[in-house]
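Here the numbering used here is used: the first residue of the sequence shown is 189, the next is one more, and so on. Accompanying notes for the structure given below.
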Amino acid sequence: MFKDNHYFDRPTPGPYYLTELNGSLSPIWQFQNTETKSCDRQPDGTLRCTSDHPSGFEWCVNAPAVDRDGTVYANSEDGNIYAITTGQIRDRFFLDKSVGAAYTPLSIDHAGRIYVLNNGHMKVVGGY
């Protein structure tokens, strides 16, 4: 499993994928980030968003995490943490802010809680 960001394939950057490979290094599945909006969570909890990424956002995770059921969790520069199962989005959760080039890891504990950094703050999401 790795981030498969394409920076120089076209005149504009992108597309941006998460890709799972088999033992022969052939793709099993890919999931493309197609979010186009940068968002900030406001003090009242609402989101303020601007459509400014026509090619989507980069995956900004150093290492995705995989739970006991095989769901892949990864954070993106769009400020979301994604839950992806065999190339299909199962869920996503907006953390706090769309932040470029964060490149932060995430991890899962024994109770299924996901620990992730966004905008300089540790967030805990989920749990069984």
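Ideal Cβ positions, reconstructed from N, Cα and C, are used throughout, including at glycine. All of these numbers come straight from a predicted model, not from anything done at the bench.
Determine the direct distance from the alpha carbon of C227 to that of R236, and round the result to whole angstroms.
5 Å
Reference F281, options P203, P231, A299 and E223, closest by Cα:
E223
Can you give me the start and stop residues for the beta strand (DSSP E) that G314 sits inside?
H309 to G314
Rounded separation between D266 and G211 - CA only:
30 Å
How would you label H241, buried or exposed, when you count the other beta carbons within 10 angstroms and need 16 or more for buried?
Around the beta carbon of H241, 16 or more other beta carbons sit within 10 angstroms, so the residue counts as buried.
Which residues in the same chain as T259 place their Cβ atom closer than 8 Å to its Cβ, once the five residues preceding and following it in sequence are excluded?
A271, I272, T273 and R278
Return the CA-CA distance between H194 and N221, expressed in angstroms with no decimal places.
12 Å
Tell me the rounded alpha-carbon separation between P231 and A262.
25 Å
Runs of 3 residues minimum, wholly inside the segment 222–270: which ones carry the beta strand (DSSP E) assignment?
Residue ranges of uninterrupted beta strand (DSSP E) with 3 or more members, entirely inside the segment 222–270 and ordered along the chain, are 225–229, 235–239 and 260–263.
Could you name the residues of the same chain whose beta carbon sits closer than 7 Å to that of S243, not counting the 5 residues immediately before and after it, in chain order?
Only T200, P201, G202 and P203 meet the Cβ criterion.
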